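Following: one structure in structure tokens, then a few remarks.
There are 2 protein chains.
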Amino acid sequence: MLKDWIKSERPETEEIEKRLEDLRARLATKQTEIRDHKLPVLVILEGWGAAGKGSVLGKIIRNIDPRFFKVSTQSVKTEEEMRKPFLYRHFVKIPEAGKYMFLDGSWMDEVTGEYLRGEIDEATYRKRLDSIKSFERQLTDNGYLVLKFFFQIDEKEQKKRIDALLADKSTKWRVSKADLWQNKHYDKCMDVYDEYLRETNQSQAPWYIIDAKNKKWAETQLLDIMVNGIDTALTNGEHAVPILQNMFPLRKTPKLAEIPLDKSLTEEEYREELDKCQKKLAKLHNELYRRRIPVIVAYEGWDAAGKGGNIKRITGSLDPRGFEVHPIASPEPHEKARHYLWRFWNRLPKDGHIAIFDRTWYGRVMVERLEGFCSENDWQRAYNEINEFEKELTDWGAIVIKFWVQIDKDTQLERFTDRQNTPEKQWKITDEDWRNREKWDVYEIAIDEMLQKTNTTTAPWFVLESNDKKYARIKALKILIEEIEKRL
Amino acid sequence: MLKDWIKSERPETEEIEKRLEDLRARLATKQTEIRDHKLPVLVILEGWGAAGKGSVLGKIIRNIDPRFFKVSTQSVKTEEEMRKPFLYRHFVKIPEAGKYMFLDGSWMDEVTGEYLRGEIDEATYRKRLDSIKSFERQLTDNGYLVLKFFFQIDEKEQKKRIDALLADKSTKWRVSKADLWQNKHYDKCMDVYDEYLRETNQSQAPWYIIDAKNKKWAETQLLDIMVNGIDTALTNGEHAVPILQNMFPLRKTPKLAEIPLDKSLTEEEYREELDKCQKKLAKLHNELYRRRIPVIVAYEGWDAAGKGGNIKRITGSLDPRGFEVHPIASPEPHEKARHYLWRFWNRLPKDGHIAIFDRTWYGRVMVERLEGFCSENDWQRAYNEINEFEKELTDWGAIVIKFWVQIDKDTQLERFTDRQNTPEKQWKITDEDWRNREKWDVYEIAIDEMLQKTNTTTAPWFVLESNDKKYARIKALKILIEEIEKRL
């Protein structure tokens with residue numbers, strides 16, 4: 026879990042500052058909410074030595090009135106504690122209803138440390154893990170919010186920090202023997218921590234890995250998860266469940282507004298390229314069929330962006346026995362009565378086939394989010410659920426390609442007006458299209474968030490600049506060809 | 026999980042019949058409740074070949090209108106299914122909101138089978154387990170009730186059933202090659218099933234192991250868990266969580282009403298025994314201290330049963346530096362604001378010490394249950410939570426002894442009246458005692474359930490027949506001595 030974790034990209038400093046300010050203000054309002062709802066909140070900070078847990082914790086609690094929280098730093102066991110069950114000193118520290126308890130180091134630190142130093146044997150360690158799982162489950166079952174953070178820095182970064190602390194007389198004392206030992210045995214520790222996180226990563230009390238290289242960014246991540254976690258717990262009455270951290274490797278994704286849309290092709294270039302690409306794709310289609318590789322192409326985009334025409338240029342070259350296009354409208358009653366991914370599981374291609382989705386499961390985090398067809402907790406959870414879904418597909422062997430067909434607002438207006446004024450195109454434009462157009466800005470926010478959170482390395486998003494439809498069509502064909510060729 | 030499972034005792038046939046009738050009626054009322062709450066219910070039956078899944082399933086569905094459920098039997102993969110992701114054929118079968126789906130065999134059967142037959146390698150199997158965990162979590166996160174049952178029979182029983190089926194021409198066809206293979210490789214299969222259950226035993230979708238030796242008993246267990254599981258899901262708004270199966274080995278426990286209370290000692294016998302026992306205990310106390318073994322003695326019993334006097338006879342012989350008595354009253358505000366076990370964790374003895382609790386954590390399933398101080402889900406969950414708590418204590422090395430001090434209703438009345446009429450005893454009797462006395466019958470039901478569900482082999486209950494207090498005191502001392510000697 027920790028070993029294959031790939032950190033998300035860190036935003037620019039300015040962006041971090043803005044988010045921090047917002048999150049700090051939001052956290053400050055939470056203290057009375059958790060008091061009113063009698064919610065006990067246990068925040069556990071674990072991680073590598075010198076990863077900055079203490080300093081981030083110091084910043085976090087500045088936003089909370091001292092009457093609402095306690096902080097406890099893991100210390101050496103007292104003689105009294107050594108004479109009690111190992112969970113004793115942890116259990117007695119749990120917060121009371123309506124308050125926070127912050128633990129700087131906890132049972133993870135204790136048992137992994139004892140195990141690494143050989144103070145407890147394998148069997149005892151396994152028993153401890155079971156005890157810890159029961160303990161955490163008992164807390165959440167009884168209404169506790171348990172937030173577990175692991176501060177991650179790599180071996181080099183840890184070494185750098187330790188050396189810097191050692192170099193200064195006034196900070197030298199902050200480096201413990203344990204820190205030095207940990208850095209020297211980084212890989213061994215990594216193995217144990219990785220397994221510990223995996224074993225104790227229960228869905229009601231999941232682990233959140235914090236990229237701790239930059240302090241402000243670490244604070245931002247932690248505050249973000251805390252604030253969302255508290256919101257979730259407070260609305261637990263509506264079957265809200267914890268938002269799991271997105272553990273999928275993500276690609277760098279530009280914001281929609283930053284994408285230049287001036288690309289175009291002449292009619293001649295277009296004809297030439299189209300012919301070439303379609304012939305190529307037809308050949309590849311046979312090869313896919315022969316080698317039984319399934320392909321899933323997902324289209325999303327603004328109304329009138331040219332999805333339909335784009336799809337036609339793809340299918341134009343394909344053998345009809347080997348592909349299907351699934352136009353996705355509002356779910357039917359029997360579909361609405363099931364998990365929102367059900368209707369897509371039902372439409373998966375056989376191996377060797379191509380399935381093209383004209384609108385997709387991303388409706389969950391766009392229209393369903395914005396029209397209130399699902400709860401906030403539902404769509405917040407959906408990014409991870411969708412990434413898991415697509416991972417099932419790629420693990421199965423599918424090539425998954427997702428196109429966002431992009432136009433600007435003016436181009437949409439032009440096309441809408443054209444549709445309205447052209448009798449044979451009038452069926453393509455509805456009042457709903459106009460209503461959606463009015464919500465362009467909120468849609469753009471949702472789409473940017475969607476692209477950021479689901480642009481995985483295994484199922485990437487590709488933006489098709491479609492102010493010039495011809496350009497977008499050729500680009501789609503070329504991407505498809507390239508991705509298939511990569512696989513073959 | 027499966028390997029160390031010890032089945033609970035099967036009730037008498039008559040008792041089973043009675044419970045079955047009640048449970049069938051309750052299940053019948055559930056169908057409209059789940060429809061009204063749009064709750065989708067997925068019931069998964071797994072287990073050994075010839076364990077009787079199909080026949081129990083046949084009985085269960087008789088209580089449900091066919092419009093409310095579907096049944097799907099695991100079959101050989103179709104050519105179509107083989108060409109889709111492995112979860113495909115399972116995902117498409119999920120129930121719709123407000124209905125049941127019963128799966129006779131599911132993904133467990135599929136992946137463990139493929140793994141056992143060597144059709145998938147270790148790495149693929151691990152990946153499948155991860156996929157299954159995500160899949161089940163996605164279902165429960167999205168509001169599905171997922172009930173997973175494993176029908177357990179031992180190797181001999183399976184062999185007997187297979188032989189019986191084979192011996193009859195009309196049933197011979199029901200024995201598959203897989204069943205024969207499974208029986209021949211019972212231990213190997215057991216290893217794989219055990220690990221599978223452990224790995225996929227998530228708290229929001231836990232496994233329930235069904236003792237399938239007797240069909241009516243199997244049906245009773247399954248119905249019981251189903252009905253309670255549905256109740257839990259329907260009240261999810263109040264933070265209700267699944268009731269985990271009690272996985273602790275339980276001792277046979279008589280009902281309170283069946284315990285004869287005519288035992289007594291003469292004053293002379295009592296004096297003699299008391300002196301002998303107290304001297305013995307004093308010696309053992311030193312030994313416990315020297316060897317640092319902690320002892321926890323829990324007292325529960327009817328008002329005026331004689332707990333106080335009983336405790337005095339124990340402590341009378343102990344060195345005051347080595348024991349503590351904790352009288353447990355209603356929780357203080359700071360205790361009420363925390364997990365109900367918190368105040369007991371805080372009162373644990375040091376190793377080598379004896380802690381005696383005059384009333385205990387069992388208040389959760391007696392007074393808190395009956396006075397409505399906690400929700401039904403809370404006290405239902407508490408049996409398992411308490412067993413887990415006591416397991417922490419015994420794993421730590423403690424001797425845990427629980428006394429139920431038993432008297433009959435007449436004796437209580439006598440003692441109450443005596444207290445009322447004796448000025449120096451009047452402080453011992455309150456209006457509340459009289460009120461509780463009126464609830465004798467409901468308390469007795471709760472106490473019987475408590476004794477049944479928490480009488481574990483590691484932390485057993487002992488009943489002290491206390492119509493004659495002298496008899497009860499000597500019995501307590503002797504049990505204490507015996508249990509300590511066993512350990513030393």
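So the sequence lines, in the order shown, correspond to chains A and B. Just so you know, we're using my numbering here: the first sequence kicks off at 26 and counts up by one. Just so you know, we're using my numbering here: the second sequence kicks off at 26 and counts up by one. Every residue gets a Cβ at the ideal spot worked out from N, C-alpha and C, and that includes glycine. Given the structure is predicted, the values throughout are model-derived calculations rather than measurements.
By the CB criterion at 7 Å, residue 411 of chain A and residue 322 of chain A fall outside the cutoff. Taking all protein chains in view, the Cβ of residue 283 of chain B is surrounded by fewer than 16 other Cβ atoms within 10 Å, so the residue is classified as exposed. In chain order, 176, 178, 237 place their CB closer than 6 Å to the CB of residue 76 of chain B, counting only its own chain and leaving out the 5 sequence neighbours on each side. In terms of Cβ geometry, residue 440 of chain B and residue 376 of chain B do not form a close pair [threshold 7 Å]. Check the Cα spacing between residue 169 of chain B and each of B/92, B/63, B/443: the tightest is with B/63. Proximity to residue 171 of chain A across A/205, A/258, A/313, A/223 peaks at A/258, based on C-alpha coordinates. Around residue 423 of chain A, the same chain offers 319, 320, 321 as residues with beta carbons nearer than 7 Å, after the five sequence neighbours per side are excluded. The three-state secondary structure of residue 322 of chain A, taken from DSSP, is strand. For residue 417 of chain B, the enclosing alpha helix (DSSP H) has its first and last residue at 401-421.
Nearest to residue 498 of chain B by alpha-carbon distance, out of B/73, B/289, B/466, is B/289.
The Cβ-Cβ distance between residue 141 of chain A and residue 217 of chain A falls below 7 Å. No Cβ of chain A is located within less than 7 Å of the beta carbon of residue 128 of chain B. Apart from sequence neighbours up to five positions away, the residues of its chain that approach residue 496 of chain B with a beta-carbon distance below 7 Å are 288, 289, 290, 490, ordered along the chain. Under the Cβ criterion of 7 Å, residue 364 of chain B is counted among the residues facing chain A. Among the residues facing chain B, residue 261 of chain A is included, as its CB has a counterpart in that chain under 7 Å away.
Note that the C-beta distance between residue 233 of chain B and residue 255 of chain B is not below 7 Å. Between the segment 122-138 of chain B and the segment 45-61 of chain B, the count of C-beta pairs closer than 8 Å reaches three or more; the two stretches touch. A distance of 7 Å or more separates the beta carbons of residue 227 of chain B and residue 73 of chain B.
Using a Cβ-Cβ cut-off of 7 Å, residue 264 of chain B counts as an interface residue toward chain A, since at least one Cβ of chain A sits closer than that to its own. DSSP, reduced to helix, strand and coil, places residue 343 of chain A outside both helices and strands of the structure shown, so it counts as coil. The beta carbon of residue 373 of chain B falls within 7 Å of a beta carbon belonging to chain A, placing the residue at that interface. Contact of residue 168 of chain A with chain B by beta-carbon distance below 7 Å involves 264. DSSP, read as helix, strand or coil, puts residue 101 of chain A in coil.
Along the segment 150-181 of chain B, going in chain order, the ones with a CB nearer than 9 Å to a CB of chain A are 152, 156, 158, 159, 160, 162, 163, 164, 165, 166, 167, 168, 169. For the segment 393-407 of chain B, the residues whose beta carbon sits under 7 Å from a beta carbon of chain A are, in order, 406.
Taking a beta-carbon distance threshold of 7 Å, residue 131 of chain B does not count as an interface residue toward chain A.
With 16 or more other CB atoms across the displayed protein chains lying within 10 angstroms of its CB, residue 204 of chain B is buried. Taking a C-beta cut-off of 8 Å against chain B, the contacting residues of the segment 96-117 of chain A are 105, 108, 109, 110, 111, 112, 113, 116, 117, listed in chain order. Setting aside the 5 residues that flank it on each side, residue 482 of chain B is surrounded in the same chain by 274, 276, each with a C-beta closer than 7 Å to its C-beta; the list follows chain order.
Residue 161 of chain A and residue 155 of chain A have their C-alpha atoms some 10 Å from each other. Taking each of B/269, B/391, B/469, B/343 in turn and checking the Cα distance to residue 413 of chain B, the smallest one comes out for B/269. Contact annotation: in the segment 60-76 of chain B, residues whose CB is within less than 9 Å of a CB in chain A are 63, 65. Rounded to whole angstroms, the gap between the alpha carbons of residue 94 of chain A and residue 52 of chain A is 13 Å. With the criterion set as a beta carbon lying under 9 Å from some beta carbon of chain A, the segment 180-208 of chain B has no members that meet it.
Using beta-carbon distances, residue 457 of chain B does not count as an interface residue toward chain A, since no partner is under 7 Å. The beta strand (DSSP E) runs lying completely inside the segment 161-245 of chain A and spanning 3 residues or more are 170-177, 232-236, given in chain order.
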